[in-house]
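Residue numbers (our numbering): 64 to 635. All residues carry an ideal CB built from backbone N, CA and C; glycine is no exception. Keep in mind that this is a model prediction, so the values were computed, not measured. Below is one structure, written out as structure tokens; the observations come after it.
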């Protein structure tokens with residue numbers, strides 16, 4: 064891929080001084096990166112000394128929703144040191160724009176864009192009326208925020224996303240889409256498809272397909288066909304994925320989320336492991352002579368924490384550690400790859416030691432490990448095996464078969480009381496909470512997120528170390544890959560009202576006028592003169608000619624503003 068620098072300069076020459084003045088007030092972000100919060104005692108991402116190698120590739124890896132307690136448990140459970148043990152570098156703060164306890168979408172926005180945002184928002188500016196007192200110089204409300212993936216793409220680098228969740232879930236979504244509700248997954252995947260990401264692996268194929276084909280799309284569009292038309296290879300199982308040898312590829316291996324690592328053999332043997340997806344993504348992306356940016360998420364470590372499920376937590380974390388080894392091994396051989404690893408937040412508040420155990424001060428390694436060794440699937444898997452037969456005998460039988468636990472009648476009573484005929488906790492949450500409490504030394508503080516700092520692990524040239532705010536990760540990546548996020552914002556997100564006049568309603572759309580056509584609310588189109596720009600896509604149609612743009616047309620319904628890449632101005 065060639066750098067877009069020449070095109071950017073040409074576009075600015077065409078636009079002229081008038082446009083520069085207008086765009087100055089249109090963009091959401093200027094020079095206030097790294098000024099998100101007054102409460103910031105970071106070491107400013109000090110690089111580890113000793114390497115002058117140029118960074119060509121960056122691999123960001125996120126074990127969603129965990130802390131060092133999980134790392135400790137994984138070490139005891141596996142009986143050996145972890146890949147992550149060898150690259151411990153520091154800690155990362157996690158708070159969002161509106162809470163000391165972040166969710167995944169606002170956390171991912173921070174380390175993808177360099178800005179704090181509101182919980183539930185995906186790479187758009189925060190609500191101003193809910194900001195924490197420590198957040199200074201926030202981005203413009205609801206405005207799209209350029210990501211390090213988008214910046215890398217403009218630099219001519221290949222880009223990739225890998226996750227074990229639906230690929231539309233919060234963390235991957237924040238690198239490639241811009242919405243104010245993380246649940247707008249049809250919109251998210253449409254933006255992803257038109258973002259022209261080179262490699263995408265994960266779950267969530269239902270969001271590619273229209274309702275008529277068994278999917279979740281209300282707009283009638285079949286995005287799988289769009290991918291094929293755009294030259295992508297599309298695969299849906301491990302065998303096909305491993306056979307890929309070059310080119311652009313999407314692989315969605317489940318209609319919804321992929322299976323937990325420990326459940327794959329029993330429930331979905333055709334799905335690839337996280338390490339295999341990571342290895343194949345690196346293989347494909349590393350063909351680009353200009354380098355690549357890749358984000359890999361071990362999505363379900365978080366869900367294990369939500370469920371208070373110790374075997375789910377430790378095995379998905381170990382699967383993630385295997386993926387880290389793949390990335391670090393590549394970085395060692397390559398010499399120009401920076402690997403940055405960190406959770407987005409902690410979940411569940413897992414502890415090794417619980418006040419439910421009166422003798423926890425005398426806990427042995429065997430006390431920690433032995434209860435887990437008989438667990439062969441997750442609590443959700445056990446719940447599947449139990450099915451609709453909630454008899455005491457069946458529940459005890461399935462817990463013995465799949466978890467090696469000799470559950471008592473009291474255990475089952477507690478489980479059923481928490482489940483409350485479907486009105487309380489889900490059955491898997493009830494199972495894991497009771498069994499953790501009564502049969503392990505693992506403690507939990509919540510079924511939700513936690514607000515403490517999380518670990519930072521790094522490897523490669525100029526790898527950062529020390530205490531960092533999560534926003535600084537985005538800034539660090541952009542700096543090492545030689546682009547500026549503020550300039551990327553200016554390039555990708557010009558607000559149409561700052562450059563053109565809204566339609567005066569005389570029935571004729573002049574060259575300098577625009578309107579938002581919402582005739583079909585599922586397929587909104589921005590019209591500027593005789594040009595059409597479909598929202599959530601990177602195309603402009605004028606004189607029956609379709610032009611592909613550097614970025615996506617974004618519509619913020621909250622502010623009724625539309626944003627488009629600056630190259631639109633030269634095309635018009």
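For residue 342, collect the residues of the same chain with a Cβ closer than 7 Å to its Cβ; drop the 5 residues on either side in sequence, then sort them by chain order. The residues are 389.
Please tell me whether residue 532 and residue 206 are closer than 7 Å, where the distance is taken between their beta carbons. no
Could you check how far apart the C-beta atoms of residue 271 and residue 239 are, in whole angstroms? I think they sit under 8 Å. With 8 Å as the limit, residue 271 and residue 239 do not qualify as a contact, their Cβ atoms being about 15 Å apart.
With C-beta atoms as the reference, is residue 236 less than 7 Å away from residue 251? yes
Say whether the stretch 395-406 touches the stretch 475-488, bearing in mind that this needs 3 or more beta-carbon pairs closer than 8 Å, one atom from each stretch. Result no; under three Cβ-Cβ pairs closer than 8 Å.
Return the chain-ordered list of same chain residues with a C-beta closer than 8 Å to the C-beta of residue 279, the five sequence neighbours on each side being excluded. Annotation for residue 279: 248, 249, 269, 270, 272 place their beta carbon closer than 8 Å to its own, counting only its chain and skipping 5 residues before and after.
Please state if the CB of residue 262 and the CB of residue 347 are separated by a distance shorter than 7 Å. Their beta carbons are under 7 Å apart, which means residue 347 touches residue 262 by this criterion.
Going by beta-carbon coordinates alone, are residue 364 and residue 513 separated by less than 7 Å? no
When DSSP labels each residue in this structure, what does residue 307 get in the three-state scheme? coil
Can you grab the Cα-Cα spacing for the pair residue 574 / residue 591, in whole Å? 7 Å
Here's the rule: buried if 16 or more other CB atoms are within 10 angstroms of the residue's CB, otherwise exposed. What is residue 541? buried
Is residue 291 buried or exposed, if buried means 16 or more other CB atoms sit within 10 Å of its CB? Residue 291 comes out exposed.
What residue ranges within the stretch 499-553 form continuous alpha helix (DSSP H) runs of no fewer than 4 residues, ordered along the chain? 533-543
Stretch pair the stretch 417-432 + the stretch 496-505: three plus CB contacts closer than 8 Å: Two segments are said to touch when three or more pairs of C-beta atoms, one from each, lie closer than 8 Å; by this definition the stretch 417-432 touches the stretch 496-505.
I'd like to know whether the C-beta atoms of residue 176 and residue 208 end up nearer to each other than 7 Å. yes
As assigned by DSSP and simplified to three states, the class of residue 241: Under the three-state reduction of DSSP output, residue 241 falls in the coil class, being neither helix nor strand.
Same chain, Cβ closer than 6 Å to residue 510, neighbours up to 5 away in sequence not counted: Answer for residue 510: 369, listed in chain order.
Taking the C-alpha atoms as reference points, what is the distance between residue 521 and residue 558? 37 Å
For residue 69, is the classification buried or exposed, using 16 other Cβ atoms within 10 angstroms of its Cβ as the cut-off for buried? Caution applies to residue 69, whose pLDDT of 42 falls short of 50 and renders its modelled position unreliable; the value that the coordinates give is listed next. Within a 10 Å sphere around the beta-carbon of residue 69 sit fewer than 16 other beta-carbons, which makes this residue exposed.
Please confirm whether residue 141 and residue 381 have their CB atoms less than 7 Å apart. Taking 7 Å as the Cβ cut-off, residue 141 and residue 381 qualify as a contacting pair.
What residue range is occupied by the uninterrupted alpha helix (DSSP H) comprising residue 369? 364-370
Among 120, 618, 594, nearest to residue 345 - alpha-carbon criterion: 120
Report yes if the C-beta distance between residue 275 and residue 338 is below 7 Å; otherwise report no. Not in contact: residue 275 and residue 338 (Cβ atoms no closer than 7 Å).
The beta strand (DSSP E) that contains residue 576, what's its start and end? 576-580
Hey, which unbroken runs of the beta strand (DSSP E) at 3 residues or more fall wholly within the stretch 213-262? Those beta strand (DSSP E) runs which fall completely within the stretch 213-262 and span 3+ residues are 221-229.
Among 627, 230, 593, which one has its Cα closest to the Cα of residue 317? 230
To the nearest angstrom, how far is the alpha carbon of residue 379 from that of residue 134? 11 Å
What's the gap between the Cα of residue 366 and the Cα of residue 225? 17 Å
Quick check: what's the CA-CA separation for residue 595 versus residue 232? 29 Å
Is the beta carbon of residue 191 closer than 7 Å to that of residue 161? no
Tell me which same chain residues have a C-beta within less than 8 Å of the C-beta of residue 449, skipping the five on either side of it? 457, 458, 461, 490
CB of residue 314 within 7 Å of CB of residue 264, strictly: Contact: yes.
Could you compute how far the alpha carbon of residue 332 sits from the alpha carbon of residue 493? 27 Å
Bridge partners for residue 609 per DSSP, in chain order? Beta-bridge pairing links residue 609 to 604.
Could you pull the DSSP bridge partners for residue 28 from this structure? Residue 28 lies beyond the range of the chain shown here (64 to 635); nothing can be said about it.
Determine the contact status of residue 613 and residue 597, defining contact as a CB-CB distance below 7 Å. no
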